[in-house]
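Start counting the sequence shown at 132; every next residue gets the next number (my numbering).
Each residue gets a CB set at the ideal place from its N, CA and C atoms; glycine is no exception.
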Amino acid sequence: MPGAREVLTPDALAMLQTVAERGSFAAAARALGVVPSALTYRVRQIEDALDVLLFDRSARQARLTEAGAELLRDAGRLLAEIDAVANRVRRIATGWEPQLTIAIDSAIARDPLYDLVGAFYALNPPTRLKLRDETLLGTIEALTSGEADLAIGAVLDAQSLAFTGGGIRSCLLGEIRFVYAVAPHHPLAGAPQPLTEAQMRAHRAVAAADSARQRQGMSVNLLEGQDVLTVPTLQAKLHAQLHGLGAGFLPEPMARPYVEAGHLVELATERPAPLGRMHCAWRVRSAAQPGLALKWWLAQFEHPTTREALLMRHRGRGPSG
């Protein structure tokens, strides 16, 4: 006797839907262009394989049993998924990637990034997006390890990655200035400026952990012997500093709304404020042309306004949000 996998084909599920919709085997047979006995036989095969009764035949109409109704609830979903896969396959054959994985550094502003995601989805592409949050070297490592196709906000460019054997291209997104900031109730908020390294060392720093897993991560702007609170992202670092849990350098565009609202105090330091160069980087697969999804994203980075928004358009909230 045939098993469930052999009888529950897409054609069989569509046939059962027709019987349920038409309300009788005779009406369904006419709609499908088969004789009623052949239709009845096929339905009986499915029932025997599942060892359930799908239709109540006690009346002239074919009414779904509880088991039959459950099967057809899933059948509609399965048939829709099959159609969706077929449509994706046809479109992917035109040059679209099945999936594009993007590693996004925590210094990148999220609102303009999600605006780009929305614009991409407006194309109705067959490509599925997968976004990864990364920090510092973890952003470029996701690319060089093959876990991502595109890195936005990489601290290293393609020239710096020559040791990986090539296959990486990059473009400059822009530069980010950093500012030293603390909460208004932090002890350093009222200290004489510019702050000396001794003053900074005496207070806990907040550091965003490098998300690199396969290589030594970066430690940025920390002083030897200083107490450190390590958090996973720049956003977490910002909120820790808003709560007065420590001090440290933050990207100026990220800190600006909170400084203007009085939730952070920007302090001058004797130590020069760092300047970060952020890149977009992507993998090149041998001699093949980039897929249409990657091409679309790379085209967005050609616009100066887009590059500026990704680095500068951070939205501020209150210290608890």
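Could you spell out the range, first to last residue, of the alpha helix (DSSP H) harbouring residue i?
i, result
"Trp427", "Leu423 to Gln431"
"Thr270", "Leu268 to Thr275"
"Thr437", "Pro435 to Met443"
"Asp142", "Pro141 to Arg153"
The beta strand (DSSP E) that contains residue i, what's its start and end?
i, result
"Leu304", "Ile299 to Val313"
"Asp242", "Not the beta strand (DSSP E): Asp242 falls in the alpha helix (DSSP H), residues Arg241 to Tyr252."
"Val337", "Ala336 to Ala339"
Which residues in the same chain have their Cβ closer than 7 Å to the Cβ of residue i, if we skip the five residues on either side of it in sequence?
i, result
"Ser451", "At Ser451 the pLDDT is 48, less than 50, meaning the model places this residue with poor confidence and gives no usable figure here."
"Gly134", "Ala180"
Is DSSP giving residue i helix, strand or coil here?
i, result
"Pro382", "strand"
"Asp214", "helix"
"Gly284", "strand"
"Leu353", "coil"
"His410", "strand"
"Val362", "strand"
"Val165", "coil"
"Gly296", "Per-residue confidence for Gly296 stands at a pLDDT of 49, beneath the threshold of 50, marking its modelled position as unreliable; no derived number is given."
Taking buried to mean at least 16 other C-beta atoms within 10 Å of its own C-beta, is residue i buried or exposed?
i, result
"Ser301", "buried"
"Asp179", "exposed"
"Asp182", "exposed"
"Phe294", "Low confidence applies to Phe294: its pLDDT is 45, below 50, so where it sits in the model is not reliable enough to give any reading."
"Leu354", "exposed"
"Val216", "exposed"
"Gly296", "Unreliable positioning characterises Gly296 in this predicted model, as indicated by a pLDDT of 49, which lies under 50. The coordinate reading is nonetheless provided below. Counting Cβ neighbours within 10 Å, Gly296 comes out exposed, since fewer than 16 surround it."
"Lys261", "exposed"
"Glu383", "buried"
Only counting the same chain, and skipping five residues up and downstream in sequence, which positions put a Cβ closer than 8 Å to that of residue i?
i, result
"Leu209", "Pro141 and Leu144"
"Arg263", "Thr232, Ile233, Ala234, Ile235, Ala273, Glu278 and Ala279"
"Leu170", "Met146, Val150, Phe156, Ala159, Ala160 and Leu163"
"Leu304", "Ile283, Gly284, Met409, His410, Cys411, Phe432, Arg438, Leu441 and Leu442"
Go through its chain and collect everything with a Cβ distance to residue i's Cβ below 6 Å, but skip five positions before and after it.
i, result
"Gly375", "Ala314, His316 and His317"
Evaluate contact between the region 242-249 and the region 387-395, counting only Cβ atoms and requiring at least three cross-stretch pairs below 8 Å. no
I want to know whether the region 263-273 touches the region 302-321 - three or more CB-CB distances under 8 Å. no
Examine the Cβ distances between the region 332-340 and the region 358-365 and report whether three or more of them are shorter than 8 Å. yes
Segment contact flag, the region 154-168 with the region 192-208, C-beta cutoff 8 Å, min 3 pairs: Result yes; three or more Cβ-Cβ pairs closer than 8 Å.
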